[in-house]
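Under my numbering, the letters of the sequence shown match residues 34 to 281, in that order.
Accompanying notes for the structure given below.
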Amino acid sequence: MERLSGRTIIVTGAAQGIGASYARALALEGAHVAICDVRDPSEIVAEIGSAAWGGICNVADTKSVAAFVAAVLERFGRIDGLVNNAAIFASLKPMPFEQINGDEFDRVMQVNVRGTFECARAVLPAMRARGYGKIVNISSGTVFKGLPGMAHYVASKGAVIALSRVMARELGRDGIRVNCVAPGFTLSEGVRDWDAAANLSALNNASRCLPRDQLPEDLNGTIVFLMSADSDFISGQTLAVDGGSVMN
Numbered sequence: 034m035e036r037l038s039g040r041t042i043i044v045t046g047a048a049q050g051i052g053a054s055y056a057r058a059l060a061l062e063g064a065h066v067a068i069c070d071v072r073d074p075s076e077i078v079a080e081i082g083s084a085a086w087g088g089i090c091n092v093a094d095t096k097s098v099a100a101f102v103a104a105v106l107e108r109f110g111r112i113d114g115l116v117n118n119a120a121i122f123a124s125l126k127p128m129p130f131e132q133i134n135g136d137e138f139d140r141v142m143q144v145n146v147r148g149t150f151e152c153a154r155a156v157l158p159a160m161r162a163r164g165y166g167k168i169v170n171i172s173s174g175t176v177f178k179g180l181p182g183m184a185h186y187v188a189s190k191g192a193v194i195a196l197s198r199v200m201a202r203e204l205g206r207d208g209i210r211v212n213c214v215a216p217g218f219t220l221s222e223g224v225r226d227w228d229a230a231a232n233l234s235a236l237n238n239a240s241r242c243l244p245r246d247q248l249p250e251d252l253n254g255t256i257v258f259l260m261s262a263d264s265d266f267i268s269g270q271t272l273a274v275d276g277g278s279v280m281n
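Here it is, written out as structure tokens:
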């Protein structure tokens, strides 16, 4: 049985990597998937087929997000879910927090936090009109570990958890559930070639109850669950999906 049949779900930052994996999994469960990214998502859209549609969108820009959401509504007529996946990570160079340039700190916050805020705000009217919706914001297991050298990224993902809790409190009466997923270090396309990948992979594997590399596919079941009716009485939660590295 397709658990997401008839639902339309937006996945941000899904032209490749973890976001693309989410989009594939949601489509396999029957959802129409709207994919946005700052790069052209046409390749993953073509791979998924008629269940997918996509466009270029800067999640940190109010007008860009509004235009994308309007296009989704025009094409599919509804928005049932949002996966706030877009974020800056693998392009960052690890360094002590006092050496991080203020402009770079702001850039990470702009995409990782404001992007989450802008996209959630943009889909609210459509969800409120239906009296139902699912928002899943992607945080990170680094929030619980305080990963050295990545202060801007860790701070941004901590803010995502805090924002998600407020959103869950405010939107519950509208029938909108808001939850957070905190992945562990995941060997996605954009991360494999990162200078710090090998070291972080080894450190994380050693800390896990399930001592192996985490792959994008390891997150799909959780995303599908949180987007389905199976999780309708869950809101305001942060679920660490990392092979048992974090226990909270």
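For each residue, glycine too, the CB sits at the ideal point set by N, CA and C.
Grab the span of the beta strand (DSSP E) containing residue i for me, first residue to last.
i	result
R210	I209 to P216
D70	H65 to D70
I89	A85 to I89
L272	T271 to V274
Provide the residue(s) that pair with residue i in DSSP beta bridges, ordered along the chain.
i	result
Q247	T219
V169	V116 and N212
T45	C69
Between the Cα of residue i and those of the options, spot the shortest distance and give me the residue it belongs to.
i	options	result
L236	S264, V66, P181 and A100	P181
L37	G164, E62, T45 and S221	E62
V274	C213, D265, S264 and S221	C213
S75	V105, S278 and G88	G88
D286	S268, R202 and R154	With the chain running from 34 to 281 in the structure shown, residue 286 is simply not present.
V26	S173, R210, G208 and K178	Any answer about residue 26 is impossible in this case: the structure gives the chain only from 34 up to 281.
S234	V199, R198 and T175	T175
A64	L220, A120, A262 and E137	A262
T41	F109, I121 and S278	F109
A48	A58, E35 and D70	D70
Output the boundary residues of the alpha helix (DSSP H) element that contains residue i.
i	result
I256	N253 to M260
V98	T95 to F109
F150	G148 to R163
D136	G135 to M142
R40	Run containing R40: none; DSSP gives neither H nor E here.
M200	A184 to L204
L180	Taken as a continuous stretch (DSSP letters only), L180 belongs to no alpha helix (DSSP H), as it is neither H nor E.
L125	Note, L125: premise wrong, no alpha helix (DSSP H); not H, not E.
V78	S75 to I81
Am I right that residue i and residue j are in contact with their C-beta atoms under 8 Å? What's the rounded C-beta distance?
i	j	result
I43	A67	5 Å
G208	G164	4 Å
Would you be able to state if there are at least three C-beta pairs under 8 Å between the region 166–179 and the region 116–124? yes
How do the region 81–93 and the region 184–191 stand: do at least 3 beta-carbon pairs fall below 8 Å, yes or no? no
Is the region 239–256 touching the region 146–163, taking contact as three or more C-beta pairs under 8 Å? no
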